[in-house]
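K.L.:
Structure provided below as structure tokens; questions to follow.
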Amino acid sequence: MFWYVLRRVLIAVPLLLGITFISFLVIHLAPGDPVDFHTGDLSPDSSAQAKQMLRKQYGLDKPLPVQYWNWLIRLARLDFGRSFAPDGRPVLQKIGERLPITLMLNVVEMAIILLFAVPIGVLSATRQYSRFDKATTVFVFMGFATPDFWFALLLILLFAVHLGWLPASGLRDINWEYLSFWKRHWDFLSHLILPIGVATFGGLAGFSRYMRQSMLEVVRQDYIQSARAKGLAERVVIGKHALRNAMLPIVTILGLSLPGLIGGSVIVESIFAIPGMGQLMVQSVFQRDYPVIMGNLVIVSTLTLVANLLADVAYGLVDPRIRLGGRRRQ
Amino acid sequence: MKDFWKALSRNRLALVGGAVVLFLAALAILTPALAPWDPNRPDVKKILDPPSRTHLLGTDQLGRDVFSRMLYGSRVSLAVGFVSVGIAAAIGIVLGSLAGYNGGMVDGFVMRLVDLMLVFPRFFLLLAVLAFLTPSIWTIMAVIGLTGWMGVTRLVRAEFLSLKEREFVVWSQNVGATGFRVIWRHILPNALAPVLVAMTLGIPAAILTESGLSFLGIGVPPPHATWGNILNEGKETIEIGWWLSVYPGLAILVTVLSYNLLGEGIRDALDPRLRQAGGRFVARSG
């Protein structure tokens, strides 16, 4: 187990370097001198100031390898610079405020998706081509195909504007301070219903299809036949023997969806004005707030890398085949 | 091949999807002949007119004909879908073949690169890159393509790993065929089926991504009409001009759904194991 963990950590180190390298490449995408380009639409005053900051932050007057090295050193000290926005707060602080909100939202959303997707996948696999299978196939595909921004607009129009049942945006009512204890809880929940509903409908397809596929493969295995042959009830065969094995690939897919979990849904957060990572990213793109953009990119991907590593270790603990066989099957 | 068509023709959902895909492609190609109005001509006398006989889907806040704009938008969506998936598939095929055929260091490097790209949330990477570039339809295509090649790379590599041990490959290597020839003539043609499926499923994903970016106002810039930016402009007036928001969204939904049904159908038809099992289960459920 020790060697397995060590191997995973050693693989993660070059990836971490790669993250910084790709992010560094992104800064240099702009044609010509990046500074001239980005600050074009700011006022001359703030533009000159921003240029100075950019030059200092990235050392743009030095040769590329030196720039990269200096940037790496600053990153190692967790110095992501300050936001270009008028508040000028440290990037790290801004991200720290928003990360918990996005994480909370996405963990709840993921739990709800799994709650629906696993039973749908299992039932449509055990009754392949039945009416249930066809209906859920169309339903989850509709969910995938419905543009989330459009669905969100329609839901806001119906539930917030016309019916007035649910709030259209934000996480808290403006009168939050004056609400009673229970009202506060309801207020918070009611703000979550629409965004989580939209995201769940869109995310259902991926997991339920994987679950169906995985279940279809497992029920054809010999050990399922032997479980049936020894007279176990179909409910036990499917619910216990097959389900456990069919869940393994789902865990892998769960690992792959980590970047989305940490980065958050950019579109959902923007439409519902949820102060999370996705909204921060869109705002900083519009404000050309480069330190925040770069900080976001590096921090979110690094956290994803760490989360992947932990998932790999957990996976190795659960499944000895992986620990001994080396790479996780993907 | 005959089995494939037989299996596909039995899948009604996939056939409907395929028919809609062909219909949309025809619309996009014939757009200049079909569009009743100039998509970019404003008309101050017709601001936010509801759908009528002269303007089938109404007009927008500048008095432009929404039906014509949506027709032109379909060209943008399909072009972005096809080109970006083409870019992604080309990169994926080259890297996947190299990794799968050579193994060793090359394979390790390519697969680490894939892992690396997968660590970035797709939309974050897109936004970060677009923040530094001048927006245009070409940058959107390029950026979506350049951030979406990892799946194809993995698929092609996996196919190569199993195919390169087969007799016909080993034989042609033994009679002295060059590596390039073995890859190009012998392995690749046999490895393309899953790539085709991935591409069919990649097009709707790219269309959704483009419309999402355009909806945020970071995608294809005006005056190009796209389904995403019609929606973006229409959301301000959604209560007066519902047609500006409802129709483009429906168009995206129908397009994405059709491509997905077709793609899944092709996948099921290509996978003989599933087909067999399908037959068995159909018989059972009567």
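Residue numbers (this note's numbering), protein chains in the order written: chain X, 1 to 330; chain P, 1001 to 1286. Note that the Cβ used here is the ideal one computed from N, Cα and C, for glycine as well.
List the endpoints of the continuous alpha helix (DSSP H) containing D289(X).
P.N.:
The residue labelled residue 289(X) in the question sits at position 289 within the first sequence. No alpha helix (DSSP H) holds D289(X); DSSP gives it neither H nor E.
K.L.:
Do F1023(P) and I19(X) come within 9 angstroms of each other at the CB atom, strictly closer than that value?
P.N.:
What you label residue 19(X) is simply residue 19 of the first sequence in a count that begins at 1. What you label residue 1023(P) is simply residue 23 of the second sequence in a count that begins at 1. Not in contact: I19(X) and F1023(P) (Cβ atoms no closer than 9 angstroms).
K.L.:
P961(P) and L1270(P): beta carbons closer than 9 angstroms?
P.N.:
This structure does not reach residue 961(P), given that chain P is present from 1001 up to 1286, and the question cannot be answered.
K.L.:
Determine the direct distance from the alpha carbon of I1140(P) to that of V1220(P), and round the result to whole angstroms.
P.N.:
Start at 1 with the first residue of the second sequence, and residue 1220(P) comes out as number 220. Start at 1 with the first residue of the second sequence, and residue 1140(P) comes out as number 140. If you take the alpha carbons of V1220(P) and I1140(P), they lie about 7 angstroms apart.
K.L.:
By alpha-carbon positions, which one of R1064(P), G1104(P), R1166(P) ends up nearest to N1190(P)?
P.N.:
Residue numbering aside, residue 1190(P) sits at position 190 when the second sequence is read from its first letter. Among R1064(P), G1104(P), R1166(P), the Cα nearest to that of N1190(P) is on R1166(P).
K.L.:
Say whether the stretch 1055 to 1068 of chain P touches the stretch 1106 to 1120 of chain P, bearing in mind that this needs 3 or more beta-carbon pairs closer than 8 angstroms, one atom from each stretch.
P.N.:
no
K.L.:
Residues bridged to D1065(P) by DSSP?
P.N.:
Here residue 1065(P) corresponds to residue number 65 of the second sequence, with the count starting at 1. DSSP, once it has assigned bridges, lists T1059(P) as partnering D1065(P).
K.L.:
By DSSP's criteria, R89(X) is part of a beta bridge. Which residues make up the other side?
P.N.:
Within the first sequence, residue 89(X) is the residue found at index 89, counting from 1. Bridge partners of R89(X): none, in fact.
K.L.:
Residues of chain X with a CB under 7 angstroms from the CB of A1128(P): which are they?
P.N.:
In the second sequence, residue 1128(P) corresponds to position 128, counting from 1. Correct list: V26, I293, L297.
K.L.:
How about S1084(P) and I1144(P): do their beta carbons lie closer than 9 angstroms?
P.N.:
Start at 1 with the first residue of the second sequence, and residue 1084(P) comes out as number 84. Start at 1 with the first residue of the second sequence, and residue 1144(P) comes out as number 144. Result yes, Cβ atoms of S1084(P) and I1144(P) sit closer than 9 angstroms.
K.L.:
Is the number of C-beta pairs between the stretch 1220 to 1236 of chain P and the stretch 297 to 310 of chain X that are closer than 8 angstroms three or more?
P.N.:
Between the stretch 1220 to 1236 of chain P and the stretch 297 to 310 of chain X there are fewer than three inter-stretch CB-CB distances shorter than 8 angstroms, so the stretches are not counted as touching.
K.L.:
May I have a chain-ordered list of the alpha helix (DSSP H) segments no shorter than 4 residues that lie completely inside the stretch 1120 to 1153 of chain P?
P.N.:
1122 to 1132, 1137 to 1146
K.L.:
Is the beta carbon of P90(X) closer than 9 angstroms to that of R77(X)?
P.N.:
To locate residue 77(X), count along the first sequence from 1; it is residue 77. To locate residue 90(X), count along the first sequence from 1; it is residue 90. The answer is no: Cβ separation not under 9 angstroms.
K.L.:
Could you run through the stretch 1006 to 1039 of chain P and flag, in chain order, every residue whose CB is less than 8 angstroms away from some CB of chain X?
P.N.:
Residues of the stretch 1006 to 1039 of chain P with a C-beta atom less than 8 angstroms from some C-beta of chain X are L1013, listed in chain order.
K.L.:
Is the distance from the Cβ of L1196(P) to the Cβ of I1266(P) below 9 angstroms?
P.N.:
Numbered from its first residue, the second sequence carries residue 1196(P) at position 196. Numbered from its first residue, the second sequence carries residue 1266(P) at position 266. For L1196(P) and I1266(P), yes; Cβs fall inside 9 angstroms.
K.L.:
Run down chain X in chain order and give the residues with a C-beta less than 8 angstroms from the C-beta of L1270(P).
P.N.:
Within the second sequence, residue 1270(P) is the residue found at index 270, counting from 1. In chain order: nothing, as chain X lies at least about 14 angstroms away.
K.L.:
What is the DSSP secondary structure of R1053(P), reduced to helix, strand or coil?
P.N.:
As a working mapping, residue 1053(P) is identified with position 53 in the second sequence. Three-state result, R1053(P): coil.
K.L.:
Are V161(X) and A168(X) closer than 9 angstroms when you measure CB to CB?
P.N.:
If you number the first sequence from 1, residue 161(X) lands on position 161. If you number the first sequence from 1, residue 168(X) lands on position 168. For V161(X) and A168(X), yes; Cβs fall inside 9 angstroms.
K.L.:
Of all the options R244(X), R212(X), F207(X), Q213(X), which has the alpha carbon lying nearest to the alpha carbon of I224(X)?
P.N.:
To locate residue 224(X), count along the first sequence from 1; it is residue 224. The candidate whose alpha carbon is nearest that of I224(X) is R244(X).
K.L.:
Using a Cβ-Cβ cut-off of 9 angstroms, state whether M1117(P) counts as contacting chain X.
P.N.:
Numbered from its first residue, the second sequence carries residue 1117(P) at position 117. Output row for M1117(P): interface = yes.
K.L.:
Could you give the first and the last residue of the continuous alpha helix (DSSP H) run that contains K1235(P)?
P.N.:
Within the second sequence, residue 1235(P) is the residue found at index 235, counting from 1. From DSSP, K1235(P) is part of no alpha helix (DSSP H); its letter is neither H nor E.
K.L.:
Does the CB of M110(X) have a neighbour CB from chain P at under 9 angstroms?
P.N.:
Within the first sequence, numbered from 1, the residue matching residue 110(X) stands at position 110. Output row for M110(X): interface = no.
K.L.:
Indicate whether L103(X) and I262(X) have their beta-carbon atoms separated by less than 9 angstroms.
P.N.:
Looking up residue 103(X) in the first sequence gives position 103. Looking up residue 262(X) in the first sequence gives position 262. For L103(X) and I262(X), yes; Cβs fall inside 9 angstroms.
K.L.:
If you pair each beta-carbon of the stretch 116 to 133 of chain X with each one of the stretch 204 to 223 of chain X, do three or more pairs fall below 8 angstroms?
P.N.:
yes
K.L.:
Excluding five sequence neighbours on each side, which residues of the same chain lie with their C-beta closer than 6 angstroms to the C-beta of S265(X)?
P.N.:
In the first sequence, counting from the first residue as 1, residue 265(X) sits at position 265. Taken in chain order, the residues that qualify are A199, G278.
K.L.:
So for R1041(P), helix, strand or coil by DSSP?
P.N.:
Translated into the one-based positions of the second sequence, residue 1041(P) becomes position 41. Note: R1041(P) maps to coil in three-state DSSP.
K.L.:
What do you reckon, are the CB atoms on I1240(P) and L1048(P) nearer than 9 angstroms?
P.N.:
Here residue 1240(P) refers to the residue found at position 240 of the second sequence. Here residue 1048(P) refers to the residue found at position 48 of the second sequence. Yes.
K.L.:
Going by other Cβ atoms of all chains shown within 10 Å of its Cβ, with 16 needed for buried, is S124(X) buried or exposed?
P.N.:
Start at 1 with the first residue of the first sequence, and residue 124(X) comes out as number 124. S124(X) should be labelled buried.
K.L.:
Which of the three DSSP states is assigned to R82(X) in this structure?
P.N.:
Counting from one through the first sequence, the residue named residue 82(X) turns up at place 82. DSSP places R82(X) in strand when its eight states are reduced to three.
K.L.:
Excluding sequence positions up to five away, which residues of its chain have a Cβ less than 6 angstroms from the Cβ of G1096(P)?
P.N.:
Here residue 1096(P) is taken as the residue at index 96 of the second sequence, counted from 1. Counting only Cβ-Cβ distances below 6 angstroms, and skipping sequence neighbours, we find T1153, V1156, R1157.
K.L.:
Taking Cβ positions only, does N1229(P) come closer than 9 angstroms to chain X?
P.N.:
In the second sequence, the residue the question calls residue 1229(P) occupies position 229. Under the 9 angstroms criterion on CB atoms, N1229(P) is classed as non-interfacial with respect to chain X.
K.L.:
If you drop the 5 nearest sequence neighbours on each side, which residues of the same chain put their C-beta closer than 7 angstroms to that of A85(X)?
P.N.:
Along the first sequence, read from residue 1 onward, the residue named residue 85(X) stands at position 85. Only Q287, D289 meet the Cβ criterion.
K.L.:
Taking the straight line between their C-alpha atoms, what separation do you get for L1250(P) and T146(X)?
P.N.:
Walking along the second sequence from the start, residue 1250(P) turns up at place 250. Walking along the first sequence from the start, residue 146(X) turns up at place 146. Taken atom to atom, the span from the alpha-carbon of L1250(P) to that of T146(X) is near 8 angstroms.
K.L.:
Which of the three DSSP states is assigned to K1164(P) in this structure?
P.N.:
Indexing the second sequence from 1 puts residue 1164(P) at position 164. Coil at K1164(P), not helix or strand.
K.L.:
Reducing DSSP to helix, strand and coil, say where Y1101(P) ends up.
P.N.:
To locate residue 1101(P), count along the second sequence from 1; it is residue 101. In the structure shown, Y1101(P) sits in a helix (DSSP, three-state: H, G or I).
K.L.:
Starting from the beta carbon of V237(X), find every residue of chain P whose beta carbon is closer than 9 angstroms, and list them in chain order.
P.N.:
Stepping through the first sequence from its first residue, residue 237(X) is reached at position 237. Residues of chain P passing the Cβ test: none, with the nearest at roughly 15 angstroms.
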